[in-house]
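Asks: One structure follows; several queries about it will come next.
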Amino acid sequence: MTTEAVPTPDDLAAALEALRARVPLVHSLTNVVSANFVTNVLLAAGAVNAHIDNVHEAAGFARIAGGVLVNLGTPDDGTAAAFTAAAGAAHESGTPWVLDPVGVGALPWRSGLAVDLLRYRPTGIRGNASEIIALAGLGGDTRGVDSGDTPEAAVPAAAALLAHADVVSASGAVDHLVGRAADGTVVGVRIRGGSDMLPRVTSTGCSLGALAAAYLAIAPTPLVGLVAAHAHVAVAAEIADETATGPGSFAVAYLDALYSVDATTLAERARIEPLDVLAVDRR
Amino acid sequence: MTTEAVPTPDDLAAALEALRARVPLVHSLTNVVSANFVTNVLLAAGAVNAHIDNVHEAAGFARIAGGVLVNLGTPDDGTAAAFTAAAGAAHESGTPWVLDPVGVGALPWRSGLAVDLLRYRPTGIRGNASEIIALAGLGGDTRGVDSGDTPEAAVPAAAALLAHADVVSASGAVDHLVGRAADGTVVGVRIRGGSDMLPRVTSTGCSLGALAAAYLAIAPTPLVGLVAAHAHVAVAAEIADETATGPGSFAVAYLDALYSVDATTLAERARIEPLDVLAVDRR
Amino acid sequence: MTTEAVPTPDDLAAALEALRARVPLVHSLTNVVSANFVTNVLLAAGAVNAHIDNVHEAAGFARIAGGVLVNLGTPDDGTAAAFTAAAGAAHESGTPWVLDPVGVGALPWRSGLAVDLLRYRPTGIRGNASEIIALAGLGGDTRGVDSGDTPEAAVPAAAALLAHADVVSASGAVDHLVGRAADGTVVGVRIRGGSDMLPRVTSTGCSLGALAAAYLAIAPTPLVGLVAAHAHVAVAAEIADETATGPGSFAVAYLDALYSVDATTLAERARIEPLDVLAVDRR
Numbered sequence: 001m002t003t004e005a006v007p008t009p010d011d012l013a014a015a016l017e018a019l020r021a022r023v024p025l026v027h028s029l030t031n032v033v034s035a036n037f038v039t040n041v042l043l044a045a046g047a048v049n050a051h052i053d054n055v056h057e058a059a060g061f062a063r064i065a066g067g068v069l070v071n072l073g074t075p076d077d078g079t080a081a082a083f084t085a086a087a088g089a090a091h092e093s094g095t096p097w098v099l100d101p102v103g104v105g106a107l108p109w110r111s112g113l114a115v116d117l118l119r120y121r122p123t124g125i126r127g128n129a130s131e132i133i134a135l136a137g138l139g140g141d142t143r144g145v146d147s148g149d150t151p152e153a154a155v156p157a158a159a160a161l162l163a164h165a166d167v168v169s170a171s172g173a174v175d176h177l178v179g180r181a182a183d184g185t186v187v188g189v190r191i192r193g194g195s196d197m198l199p200r201v202t203s204t205g206c207s208l209g210a211l212a213a214a215y216l217a218i219a220p221t222p223l224v225g226l227v228a229a230h231a232h233v234a235v236a237a238e239i240a241d242e243t244a245t246g247p248g249s250f251a252v253a254y255l256d257a258l259y260s261v262d263a264t265t266l267a268e269r270a271r272i273e274p275l276d277v278l279a280v281d282r283r
Numbered sequence: 284m285t286t287e288a289v290p291t292p293d294d295l296a297a298a299l300e301a302l303r304a305r306v307p308l309v310h311s312l313t314n315v316v317s318a319n320f321v322t323n324v325l326l327a328a329g330a331v332n333a334h335i336d337n338v339h340e341a342a343g344f345a346r347i348a349g350g351v352l353v354n355l356g357t358p359d360d361g362t363a364a365a366f367t368a369a370a371g372a373a374h375e376s377g378t379p380w381v382l383d384p385v386g387v388g389a390l391p392w393r394s395g396l397a398v399d400l401l402r403y404r405p406t407g408i409r410g411n412a413s414e415i416i417a418l419a420g421l422g423g424d425t426r427g428v429d430s431g432d433t434p435e436a437a438v439p440a441a442a443a444l445l446a447h448a449d450v451v452s453a454s455g456a457v458d459h460l461v462g463r464a465a466d467g468t469v470v471g472v473r474i475r476g477g478s479d480m481l482p483r484v485t486s487t488g489c490s491l492g493a494l495a496a497a498y499l500a501i502a503p504t505p506l507v508g509l510v511a512a513h514a515h516v517a518v519a520a521e522i523a524d525e526t527a528t529g530p531g532s533f534a535v536a537y538l539d540a541l542y543s544v545d546a547t548t549l550a551e552r553a554r555i556e557p558l559d560v561l562a563v564d565r566r
Numbered sequence: 567m568t569t570e571a572v573p574t575p576d577d578l579a580a581a582l583e584a585l586r587a588r589v590p591l592v593h594s595l596t597n598v599v600s601a602n603f604v605t606n607v608l609l610a611a612g613a614v615n616a617h618i619d620n621v622h623e624a625a626g627f628a629r630i631a632g633g634v635l636v637n638l639g640t641p642d643d644g645t646a647a648a649f650t651a652a653a654g655a656a657h658e659s660g661t662p663w664v665l666d667p668v669g670v671g672a673l674p675w676r677s678g679l680a681v682d683l684l685r686y687r688p689t690g691i692r693g694n695a696s697e698i699i700a701l702a703g704l705g706g707d708t709r710g711v712d713s714g715d716t717p718e719a720a721v722p723a724a725a726a727l728l729a730h731a732d733v734v735s736a737s738g739a740v741d742h743l744v745g746r747a748a749d750g751t752v753v754g755v756r757i758r759g760g761s762d763m764l765p766r767v768t769s770t771g772c773s774l775g776a777l778a779a780a781y782l783a784i785a786p787t788p789l790v791g792l793v794a795a796h797a798h799v800a801v802a803a804e805i806a807d808e809t810a811t812g813p814g815s816f817a818v819a820y821l822d823a824l825y826s827v828d829a830t831t832l833a834e835r836a837r838i839e840p841l842d843v844l845a846v847d848r849r
């Protein structure tokens, strides 16, 4: 593990500036619960979104988008075919894409979909701890199945999923993330911040996955991109928490904060720490 | 009619405390207009939600959920099959479930779906007055078809639907609800409160149906559960109305109030009155 | 071009008063991103909405609705069949309907759908500049394909689409709109106002299309109806902009303003200007 490989505040500031300057186009295939909020989060943060989940258009658009989000929240036979088409096209054309394995583990049909999608090698995987652990287990990586459900407990599973993806994160009270440094060594990062209100507002996790797709479109490396997405969200949620009086006002303030956070604020307030993946893994 | 069987303020307080302590998992099959708001209402009030409306997973999840919501708002062939699967599995496994017959009466295809679903005996039915009247008429209960469209006018239809469900409510300016006491006699309840802004915000009715599924998961009886859901909503809407300047700010304040209302406030502010169902019925 | 045919402030005030008095029922077939916001915009402004996009019910409901919106945002095979059914029934029964050609031009499958739908002669077409230009090009109106992407640049394309529709608008920083006067001459209108925040909130365009369907249900002419919808939105967005601190608070204030704007405010604040369509066209 190389501490030097952990993204710095300057890396985060540069990523946010690149996001605002380049306004990446995300192609989202997300669930019906989150579709509106995901798009509003992207627009507030500085990207744009096209939600295209029909099989006729998904592959073609994944080739021209800046980044693709495949979120398994409310699949049916039609959108499942579009997921495969989009992921396959993203993989072939080099478009970065994020897999959000919503509900994997608890729900057998979509668990099969998720395993199938791993063959298109997502650039990033983002889930909650249970989903990351379940996906690692289903992928044949047996280290993933013996753990609890905090993000820290999901670190070995996340590390195992690096066989299938460049970066993997488990979000929760403190987000945990693993990726690889330029020399191929595994890098772990812990992102503090956020708010107790985040789990009280639906689609905050799904929209983090979408924002990850936006950052992967413009960041120098997948590691910087996924860490920057987590940091942007964590800082905005902290700011929103200062004024919110409940989940309704929090959601409004959160969108405002995603919009108003600038590179200086992000660099100053982000709390990124190196994480010793092997130490967690040995427990 | 036994006035003693009408839930008391203490019953409501206990139900809210149980909701907050047990955080029931709702399985929602709801429409694309309401999916986001339904989930936010559940999270704000103190439950959690999984929206699963594909036929591959709906039955299995209905068996393990705390309560199920089947809302007919935007059905298609795929989700209609999932409705049947979920309702059937809920019925078999004893999971309480709520039928929200959106648009029944005005729209023939879904009216047929609703009648078919009655065979799985919903624990609760919640609709607006016209939907309750139409559903009772379609169910062969002819008393339901000769009425107007206020909740009070829907009481005979609601009572007729007790042939198919444990509790039935018609919401509107003043919500009206019927169920059965422990001795089997019909109990009627009127719930005052709410806000003129409720019909100006979409999915407030749909999310009441979802909250009913959450309360049915933890309440001692279906009657207490459905009354508690209506009371929680009525009190939160009254509180939100005090600060709102339009439907946008009302929706935000409503989510905040669903979250901040505690058992004491609910018991103090809920306006529950006994309703003489037979008297209404004889008109 | 007859300047006299441009709707006056009094025309707009009368249209808003008719909307509030008659509360038209919109039948929306819109995308999963916008379904919630579209409905909230209609309720806030003074209409009601039923989102019905299954093929079993779409035609029947289009016959009884006040106005229909067909929005191509997230089509699949099922909803595409419903679009055709609804548009066909609206055309046959004389229900005014609006086509919102989301993504047309960039996405080939839905571009074909849009061209097919033109045969049912939409009352109004509303899109962004690129969509209007692309649709005109696909419709065989070659004047449409050589332009840029500002609303002004879309005016020749919009005028060409008058072969297929009564009124056509391209929205953007300054909305541009074309229709026909009573004597058949082409009328152009420019609507100023709005807010830089509008493109930072998803579905503001889609909900303008829905509001157009509501106004077409009650306005004396399609031209007055579509101009009134644009003016209502432009004034409400200006008002919301005065207090918003980001896209989250803007969306809330926008719904409040759509609700609170009255006929006097609309007439005073709307900035409607005649547009010389032929002059633009000759450039």
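Protein chains in written order, with this note's numbering: chain A, 1 to 283; chain B, 284 to 566; chain S, 567 to 849. All residues carry an ideal CB built from backbone N, CA and C; glycine is no exception. Treat the numbers as computed from the prediction; the structure is a model and nothing was measured.
How long is the line joining the alpha carbons of residue 186(A) and residue 516(B), rounded to whole angstroms?
Replies: Using only the alpha carbons, I get a separation of about 50 Å.
Asks: Could you tell me how far apart the beta carbons of residue 333(B) and residue 368(B) are, in whole angstroms, since I believe they sit closer than 8 Å?
Replies: No, residue 333(B) and residue 368(B) are not in contact; Cβ-Cβ is about 15 Å, not under 8 Å.
Asks: Rounded to whole angstroms, what's the CA-CA distance from residue 80(A) to residue 31(A)? Just pull it up for me.
Replies: Spanning the two alpha carbons is a distance of roughly 11 Å.
Asks: List, in order along the chain, the chain A residues whose C-beta lies closer than 7 Å to that of residue 376(B)?
Replies: Those do not exist, as residue 376(B) stays about 16 Å from chain A at its closest Cβ, beyond 7 Å.
Asks: Kindly give me the distance between the Cβ atoms of residue 610(S) and residue 781(S), rounded to whole angstroms, as I take these residues to be in contact under 8 Å.
Replies: The Cβ separation is near 14 Å, so there is no contact.
Asks: Indicate whether the contact test is met: 3 or more Cβ pairs, each with one atom in the stretch 654-665 of chain S and one in the stretch 626-640 of chain S, closer than 8 Å.
Replies: Judged by Cβ distances under 8 Å, the stretch 654-665 of chain S makes contact with the stretch 626-640 of chain S, as three or more pairs qualify.
Asks: At what residue ranges does the stretch 149-173 of chain A contain a whole run of the alpha helix (DSSP H), taking only runs of 4 or more?
Replies: The qualifying runs are 155-160.
Asks: Could you compute how far the alpha carbon of residue 18(A) sits from the alpha carbon of residue 218(A)?
Replies: Cα to Cα, residue 18(A) sits roughly 6 Å from residue 218(A).
Asks: Exposed or buried, which one is residue 184(A) when buried takes at least 16 other CB atoms within 10 Å?
Replies: Its Cβ having fewer than 16 others within 10 Å, residue 184(A) is exposed.
Asks: Could you spell out where the alpha helix (DSSP H) holding residue 239(A) opens and where it closes?
Replies: Looking at the DSSP string, the run of the alpha helix (DSSP H) that includes residue 239(A) is 222-241.
Asks: Can you list, in chain order, the residues of its chain with a C-beta nearer than 6 Å to that of residue 495(B)? Leave out the 5 residues immediately preceding and following it.
Replies: Here the set comprises 381, 407, 409, 509, 512.
Asks: Under three-state DSSP, which class holds residue 839(S)?
Replies: Strand.
Asks: Can you list, in chain order, the residues of its chain with a C-beta nearer than 6 Å to that of residue 677(S)? Leave out the 5 residues immediately preceding and following it.
Replies: These residues qualify, in order along the chain: 670, 704.
Asks: Rounded to whole angstroms, what's the CA-CA distance from residue 178(A) to residue 5(A)? Just pull it up for me.
Replies: Their Cα atoms are separated by approximately 11 Å.
Asks: Contact criterion: CB-CB distance below 8 Å. Does residue 53(A) meet it with respect to chain S?
Replies: Chain S, which has a Cβ nearer than 8 Å to the Cβ of residue 53(A), makes this yes.
Asks: Taking the alpha helix (DSSP H) that residue 361(B) belongs to, which residues open and close that run?
Replies: Its alpha helix (DSSP H) spans residues 360-376.
Asks: Check this for me: beta carbons of residue 523(B) and residue 550(B), under 8 Å apart or not?
Replies: Against a cut-off of 8 Å, the Cβ pair of residue 550(B) and residue 523(B) comes out as no contact.
Asks: So is residue 561(B) buried or exposed if we call it buried at 16+ other beta carbons inside 10 Å?
Replies: Exposed is the call here.
Asks: For residue 760(S), which residues in the same chain have their Cβ closer than 6 Å to its Cβ, ignoring the five residues on either side in sequence?
Replies: 800, 803.
Asks: Excluding the five sequence neighbours on either side, which residues of its own chain have a C-beta within less than 6 Å of the C-beta of residue 53(A), listed in chain order?
Replies: Cβ neighbours of residue 53(A) beyond the five flanking positions: 29, 79, 82.
Asks: When the cut-off is 8 Å and only beta carbons count, does residue 681(S) lie next to chain A?
Replies: No, residue 681(S) lies away from the interface with chain A (no Cβ there is under 8 Å from its Cβ).
Asks: Who are residue 331(B)'s beta bridge partners in DSSP?
Replies: DSSP, once it has assigned bridges, lists 308(B) as partnering residue 331(B).
Asks: By how many angstroms is the C-alpha of residue 262(A) removed from the C-alpha of residue 255(A)?
Replies: So the alpha carbons of these two residues sit roughly 14 Å apart.
Asks: In its own chain, which residues sit with a C-beta less than 6 Å from the C-beta of residue 275(B), not counting the 5 before and 5 after it?
Replies: Lying outside 284 to 566, the shown extent of chain B, residue 275(B) is not represented and no answer is given.
Asks: So, for residue 556(B): in the same chain, excluding its five sequence neighbours on each side, which residues have a beta-carbon less than 6 Å away from its beta-carbon?
Replies: Cβ neighbours of residue 556(B) beyond the five flanking positions: 473.
Asks: Are the C-beta atoms of residue 75(A) and some chain B residue less than 8 Å apart?
Replies: So yes, residue 75(A) belongs to the interface.
Asks: Would you say residue 760(S) faces chain A, with C-beta separation under 8 Å as the test?
Replies: Chain A, which has no Cβ nearer than 8 Å to the Cβ of residue 760(S), makes this no.
Asks: Within the 8 Å Cβ cut-off, does residue 101(A) reach chain B?
Replies: Taking Cβ atoms only, chain B never reaches closer than 8 Å to residue 101(A), which makes this a no.
Asks: Among the residues of its own chain, which have a CB less than 7 Å from the CB of residue 589(S), if the five just before and after it don't count?
Replies: The answer, listed in chain order, is 612, 613, 614.
Asks: Mind checking the stretch 823-843 of chain S against chain A and listing, in chain order, the residues whose C-beta falls within less than 9 Å of any C-beta there?
Replies: Those residues of the stretch 823-843 of chain S that come within reach of chain A (Cβ to Cβ, closer than 9 Å) do not exist; the list is empty.
Asks: Taking Cβ positions only, does residue 649(S) come closer than 8 Å to chain B?
Replies: No, residue 649(S) does not count as interfacial toward chain B.
Asks: Who are the neighbours of residue 535(B) on chain A, taking C-beta pairs under 9 Å?
Replies: Within 9 Å Cβ-Cβ: 246, 248, 249, 251, 252.
Asks: Which stretch, first to last residue, makes up the alpha helix (DSSP H) that contains residue 116(A)?
Replies: Looking at the DSSP string, the run of the alpha helix (DSSP H) that includes residue 116(A) is 108-118.
Asks: Please report whether the beta-carbon of residue 70(A) lies at a distance below 8 Å from any beta-carbon of chain S.
Replies: So no, residue 70(A) is outside the interface.
Asks: Once you ignore the five residues that flank residue 119(A) on each side, which residues in its own chain have a CB closer than 7 Å to its CB?
Replies: Here the set comprises nothing.
Asks: Could you confirm whether any beta carbon from chain S is found closer than 8 Å to the beta carbon of residue 44(A)?
Replies: Taking Cβ atoms only, chain S reaches closer than 8 Å to residue 44(A), which makes this a yes.
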